[in-house]
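Enquirer: This structure is in structure tokens; I'll ask about it shortly.
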DNA sequence: TTGAAAGCGGTACCAG
DNA sequence: CTGGTACCGCTTTCAA
């Protein structure tokens, strides 16, 4: 295969001589694409008028129509890079999530898209794979595109990332958590408190020997917070903790079976299992079936996240519902408000939110225990 | 909420006077970010030398180090828009998938990322939501960023989309299908043939009254192809068809229960169900449990896609395995090869693949029936 | 309402 | 190996 020789060389280092760019002017698919000046010439106006038509500013109706016809005729598409360079304002918004494969985060991205796209912002989406170094690399690479604003996941970042983000001087929102010291603003909830609530729910149902299964990675802060909340509440209730930590994030369905096995091996009399995610809870329930255990009669199982599988599984899975899509839309709205504020005021460019409104930049997202059949 | 007054106005129409851009030169987070000329001045070289250091071209080691120090000291981040404009070459690759929430497609995106990122290409990701008009809008909007290459899903597009794509003059790959007339190149498989294979498998296991459950939408071409394959093979086997079409794409777990109910109501003696997706198959199996039907003893269920749930469900789900991640990496490799070819040759810019190598631009992706417990 | 000129921040090209 | 200059395609600014 052609690629094997030089599989990671940068693409496009060879080049076309500047003067040859418009070499093939013949009307073929290979002809250089039309420029704004081409449109202007065809419509018999100046570039500026074309620019104004595109931006929807004040242009006489007749002129505007003539220009629009020329645009359509040539199939003109404006060059965003040129526009961004000239105006000093890109049309990008950057988003970073730990894993696009997790429906949780893809819902958040969809929510962000829904909020930002109508305002002409194009998302630059990055998948950090729960790796802070990778997050840093992605931030660096996205910053090259001068995004108007940035959304990222969690409160945990390398110090270089924080530095980059602050220096970027654009609104930043941290999602899915409520950091003690946000870089700029946050849209999320306390994963620890949510987990405590689940333990209280289970205790209220009479379960006293409650286990927790989660991932082994120290990088999944939200998972760790949930574990922390479990520990706090178990202690508060005077119960003893039973924790199994196993496997990498993202936690998938495959996680549940071995984790359940490990838990029951160590603490055979466990009467309820709280899982770091619905994915894991589902895997655990399926494993219960294989072991001939009935859920919840023999053992109760609870999840986190209210994924679709929690609703569709038999038994249906008791879980904590978090509005992932809403986190996206709220984040989008928060960023837009900050952009307006920066923009409207004294014209100081690229100001972060925190310089203006230090405090009330945290949006708290609701969550609720959804009581279903499994617990 | 502040946004309610003007929820969809474009952002950033007010502006900062050009001359004020560097108004606050004080060393604060509000100072204008450093430019290449600043780096050059600090290092005592010309901009060109800085540019060469960044590009990793031939620069004397001592000079390079000096420049690098200046870069680090200033925290300089090159502006991608300026670079793209000047060189006539962006660092973007565009991808369009029907739904980011589907693990199938998010895996493909991950594969693409893995293939393209090492070459310095930044993905522009778009979610068409199974809507061809939306796809067209997204293509138009992405084209403004002059992507070096484009990957999109399926063979079905509006004629305007095809026109835009051809005129863009960059390599284009259609994924997840093998169109009779690809725009440029394709990486996929025949969904119809794969479905036929599943019917043959079920027939081979002795099932004769095989139903099909799928979505009602005409927009999900891959779903329709699977249905077509089912119909062809059922006919070939001398069986009669039993088809239920229900609900929108993407098909989720919620689809399975009502679809199974509808199928059994109309054809109560059905002995096997083939589902358009594992999601649906899972929902159907859970519904079987609720109805007191044992799988596969009372009724067999098969899925499509080899999603994680197919492996973790009890019973495990018989399905067709498709390497979604591999579709992404193969697509990436195909695009990279085309970029190299364009680039290396006569320097004609922005040439599509098909102008070179009309035929062998289709990469066929393997699939296999995975026999598990459910059928 | 429209146009002309300047320049955004880099890279190509050629000369030294 | 390094620097000077022109210029990428668009928007800003200011004048008409």
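Protein chains in written order, with the numbering used here: chain A, 1 to 375; chain Y, 376 to 750. Glycine included, every Cβ here is placed at the ideal spot set by N, Cα and C.
(1) Helix, strand or coil: which one does DSSP assign to residue 660(Y)?
(2) Does residue 679(Y) have its Cβ less than 8 Å from a Cβ in chain A?
(3) Pull up the CB-CB distance for residue 107(A) and residue 476(Y), whole angstroms please, since I reckon it's below 8 Å.
(4) Quick check on the DSSP output: the beta strand (DSSP E) that includes residue 186(A) runs from which residue to which?
(5) Could you check if residue 741(Y) is buried or exposed, using at least 16 other CB atoms within 10 Å of its CB as the buried criterion?
(6) Would you mind sorting residue 292(A) into buried or exposed? The rule is 16 or more other CB atoms within 10 Å of its CB.
(7) Using a Cβ-Cβ cutoff of 8 Å, what residues of the stretch 308 to 324 of chain A are near chain Y? List them in chain order.
(8) With which residues is residue 122(A) paired in a DSSP beta bridge?
(9) Enumerated in chain order, which unbroken segments of the beta strand (DSSP E) with a length of 3 residues or greater are wholly contained in the stretch 154 to 196 of chain A?
(10) Check for me: the alpha helix (DSSP H) holding residue 512(Y) runs from which residue to which?
(11) When you compare the stretch 149 to 157 of chain A with the stretch 173 to 191 of chain A, are there three or more beta-carbon pairs, one atom per stretch, that lie closer than 8 Å?
(12) Start and end of the beta strand (DSSP E) containing residue 617(Y)?
(13) Going by C-alpha to C-alpha distance, which of 431(Y), 440(Y) and 457(Y) sits closest to residue 411(Y)?
(14) Please name the residue in 156(A), 77(A), 331(A) and 192(A) whose C-alpha comes closest to that of residue 109(A).
(15) Please list, in chain order, the chain A residues whose beta carbon lies closer than 7 Å to that of residue 489(Y).
(16) Please list the partners that residue 107(A) has in chain Y, where partner means a Cβ-to-Cβ separation under 8 Å.
(17) What residues of chain Y sit near residue 125(A), judged by a beta carbon separation below 8 Å?
(18) Measuring alpha carbon to alpha carbon, tell me which residue in 308(A), 287(A) and 305(A) is nearest residue 298(A).
(19) Closest to residue 314(A) by CA distance: which of 283(A), 304(A) and 320(A) is it?
(20) Let me confirm a value: residue 506(Y) is counted as buried when at least 16 other C-beta atoms fall within 10 Å, else exposed. Which label applies?
(21) In whole angstroms, give me the CA-to-CA distance for residue 433(Y) and residue 133(A).
(22) What residue range is occupied by the uninterrupted alpha helix (DSSP H) comprising residue 275(A)?
(23) Give the residues from the stretch 61 to 87 of chain A that approach chain Y closer than 7 Å (Cβ to any Cβ), ordered along the chain.
(24) Quick one: grab the DSSP three-state call for residue 576(Y).
(25) Under 7 Å, CB to CB, which of the residues in the stretch 34 to 65 of chain A have a partner in chain Y?
(26) Roughly how many angstroms lie between the CA atoms of residue 157(A) and residue 139(A), to the nearest whole one?
(27) Taking residue 336(A) as the reference, give the member of 182(A), 114(A) and 263(A) with the closest Cα.
(28) Just how far apart, CA to CA, sit residue 623(Y) and residue 90(A)?
(29) My guess is that residue 277(A) and residue 317(A) are in contact by the Cβ rule of under 8 Å, so how many angstroms apart are they, rounded?
(30) Would you grab the beta carbon distance between residue 645(Y) and residue 586(Y) for me? Rounded to a whole angstrom, and I think it's under 8 Å.
(31) May I ask you to list the residues that DSSP assigns as paired with residue 305(A)?
(32) Leaving aside the five residues before and after residue 136(A) along the sequence, list all residues of the same chain whose C-beta is less than 7 Å from its C-beta, in chain order.
(33) Per DSSP, which residues does residue 364(A) bridge with? Please list them.
(34) How should residue 447(Y) be labelled, buried or exposed, when 16 other C-beta atoms within 10 angstroms of its C-beta is the threshold for buried?
(35) Residue 702(Y) by DSSP, collapsed to three states: which one?
(36) Find the nearest neighbour of residue 700(Y) within the set 460(Y), 487(Y) and 426(Y), judged by alpha-carbon distance.
Expert: Quick look at the numbers:
(1) The answer is helix: DSSP assigns residue 660(Y) an H, G or I state.
(2) Taking Cβ atoms only, chain A never reaches closer than 8 Å to residue 679(Y), which makes this a no.
(3) Contact holds; Cβ gap of about 7 Å.
(4) First-last of the beta strand (DSSP E) with residue 186(A): 185 to 188.
(5) Flag for residue 741(Y) reads exposed.
(6) It is exposed - the Cβ of residue 292(A) has fewer than 16 other Cβ atoms within 10 Å.
(7) Interface annotation for the stretch 308 to 324 of chain A against chain Y: 308, 309, 311, 312, 313 and 314, criterion Cβ-Cβ distance under 8 Å.
(8) Note: residue 122(A) sits in a beta bridge opposite 92(A).
(9) List check, beta strand (DSSP E) in window: 172 to 175 and 185 to 188.
(10) Residue 512(Y) -> alpha helix (DSSP H) spans 507 to 518.
(11) Contact between the stretch 149 to 157 of chain A and the stretch 173 to 191 of chain A is present: 3 or more CB-CB pairs across the two stretches fall below 8 Å.
(12) In the DSSP annotation of this structure, the continuous segment of the beta strand (DSSP E) that includes residue 617(Y) starts and ends at 617 to 620.
(13) Taking the Cα of residue 411(Y) as reference, the smallest distance to any Cα among 431(Y), 440(Y) and 457(Y) is reached at 457(Y).
(14) Of 156(A), 77(A), 331(A) and 192(A), the residue nearest in Cα terms is 331(A).
(15) Contacts between residue 489(Y) and chain A, judged by CB atoms closer than 7 Å, are missing: the closest CB pair is about 10 Å apart.
(16) 476, listed in chain order.
(17) Within chain Y, the residues near residue 125(A) are 498 and 500.
(18) The option with the nearest alpha carbon to residue 298(A) is 287(A).
(19) It is 283(A).
(20) Around the Cβ of residue 506(Y), a 10 Å sphere holds fewer than 16 other Cβ atoms; the residue is exposed.
(21) The alpha-carbon atoms of residue 433(Y) and residue 133(A) are separated by roughly 29 Å.
(22) Where residue 275(A) is concerned, there is no enclosing alpha helix (DSSP H), although the beta strand (DSSP E) it sits in stretches over 272 to 275.
(23) Listed by position, the residues of the stretch 61 to 87 of chain A near chain Y (Cβ gap below 7 Å) are 75, 77, 78, 79, 80, 81, 82, 84 and 85.
(24) DSSP, read as helix, strand or coil, puts residue 576(Y) in helix.
(25) From the stretch 34 to 65 of chain A, no residue has a Cβ closer than 7 Å to chain Y.
(26) Rounded to whole angstroms, residue 157(A) and residue 139(A) show a C-alpha spacing of 11 Å.
(27) Distances from the alpha-carbon of residue 336(A) to those of 182(A), 114(A) and 263(A) put 114(A) closest.
(28) Annotation: residue 623(Y) to residue 90(A) spans about 36 Å, alpha carbon to alpha carbon.
(29) Cβ-Cβ separation between residue 277(A) and residue 317(A): approximately 11 Å, too far for a contact (criterion under 8 Å).
(30) Confirmed, about 5 Å.
(31) Bridge pairing for residue 305(A): 321(A) [DSSP].
(32) Counting only Cβ-Cβ distances below 7 Å, and skipping sequence neighbours, we find 158, 160 and 161.
(33) Residue 364(A) pairs with 188(A).
(34) Under this definition residue 447(Y) is an exposed residue.
(35) DSSP places residue 702(Y) in helix when its eight states are reduced to three.
(36) That would be 487(Y), whose Cα lies nearest to the Cα of residue 700(Y).
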